[in-house]
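Only one structure is covered here, and it is reproduced in the block below.
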Amino acid sequence: MSFLRLLFIELNRIRFLFLALVAIVVITQFALTLLLPRYWVGQIESGEMIPSITFTFINVFEHGIYSLSLALPVITIGLYIFIVWYRDWFGQGTFMKRLLMLPSSRMNVFAAKLVTIVLVTLAVVSIYRLVLPLQMGLFEWVLPNSLYGGQIEPFYLFHSLNSALAIVYPPTLLDFFVVYGLGITLVCVLFSAILFERSFGFIGLGIGAAYVVAAFMLYGVASHFVVRVNGIELLLVMLGVTLGICAVSLFVSRFLLLRKVTV
142 MSFLRLLFIE LNRIRFLFLA LVAIVVITQF ALTLLLPRYW VGQIESGEMI
192 PSITFTFINV FEHGIYSLSL ALPVITIGLY IFIVWYRDWF GQGTFMKRLL
242 MLPSSRMNVF AAKLVTIVLV TLAVVSIYRL VLPLQMGLFE WVLPNSLYGG
292 QIEPFYLFHS LNSALAIVYP PTLLDFFVVY GLGITLVCVL FSAILFERSF
342 GFIGLGIGAA YVVAAFMLYG VASHFVVRVN GIELLLVMLG VTLGICAVSL
392 FVSRFLLLRK VTV
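Be aware that the sequence shown starts at 142, since it is given in this note's numbering, and climbs by one per residue.
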């Protein structure tokens, strides 16, 4: 079975989770954007807040519920990294057994699952970037002019208030490749850890955990040795380390899939 066919199967299997995730996040954020200004107006009219106060979208953005809506996709995709493998092993019908017996490279299975994670992540990031200006427009429309504190640029929200979003929305193209390359490498490392566990059982669980720790330690060592390097040189060094770890993870995963994982 070709890689594209396997990718289509994986995307088809995640579509309902993806749509539900997007719906929950978007509805929650728009509801909060609509209801908070009305709540503030009510508080001012009842004398519980001073009339001279003004609000910006930052007040919505920093609300706990809004922060949870941003964390939900991260948690969901993080869990799905494990679900995408273990579902096939423990699900009804031993789907993984059929996948591994297909007359094609087993790395197609690995690649399809990896690309699915990447595409879903990029889709969620893109959708939020598209709906954010709509939320800011709704906020300005709902809030009375006397309480509106001015427009906030999305770049300010990403890079001045929320360091996590600064990672997701890097300011330059090189930063983009470094950040998302690191993310893809992390997924590859976790995939390798899962395959260690599937190959060697309980012992493999320890090997996989040690492998993940070793990968993070390598980043720490690289950061220590390039502490005096600044700017683009630092990014290039980290990009090189990322590519190296990714290559090792792909090699290890290929070896485990071909030689150790049994059906």
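The beta-carbon is built from N, C-alpha and C at its ideal position, and this holds for glycine as well.
In this structure, the straight-line span from the alpha carbon of V167 to that of H300 is close to 21 Å. Under the DSSP definition of a beta bridge, Y227 lacks any partner. Here Y321 carries a helix assignment [DSSP, helix/strand/coil]. Closest by C-alpha distance to L255, out of L152, S187, Y360, L399, is L152. The beta carbon of V283 is closer than 8 Å to those of T174, L175, P178, R179 in its chain, skipping five residues each way along the sequence. Listed as beta-bridge partners of F196 by DSSP are Y289.
A straight line joining the alpha-carbon of F149 with that of F159 spans about 14 Å. Leaving aside the five residues that flank S390 on each side, the residues in its chain whose CB is nearer than 8 Å to its CB run, in chain order, T326, C329, V330, F332, S333, A356.
A residue is called buried once 16 or more other Cβ atoms fall within 10 Å of its Cβ, and S394 is buried on that count.
Our two residues, I344 and V353, have alpha carbons roughly 15 Å apart in a direct line. Remark: C-beta atoms of L398 and R247 approach each other more closely than 9 Å. Proximity to V362 across M379, L323, P192, G347 peaks at M379, based on C-alpha coordinates.
If you draw a straight line from the Cα of E189 to the Cα of T197, it is about 19 Å long. Taking a cut-off of 8 Å on C-beta distances, the segment 197 to 216 touches the segment 266 to 280, as three or more cross pairs fall below it. Rounded to whole angstroms, F396 and A252 show a C-alpha spacing of 14 Å. For K254, the enclosing alpha helix (DSSP H) has its first and last residue at 248 to 283.
In the DSSP assignment, R146 falls within the unbroken alpha helix (DSSP H) covering 144 to 186.
Counting every other CB atom within 10 Å of its CB across the protein chains shown gives E338 a total of 16 or more, marking it as buried. CA-to-CA, the gap between L336 and L220 works out to about 16 Å. Approximately 10 Å separates the beta-carbon atoms of V320 and P312; this is outside 8 Å, ruling out the contact.
It is roughly 11 Å from the alpha-carbon of R228 to the alpha-carbon of I222.
With a cutoff of 9 Å on beta-carbon distance, S340 and V402 are scored as near each other. Nearest C-alpha to L145 among A164, W226, T257: T257. Contact check for L315 and L376: beta-carbon distance about 5 Å, within the 8 Å limit, so the pair qualifies.
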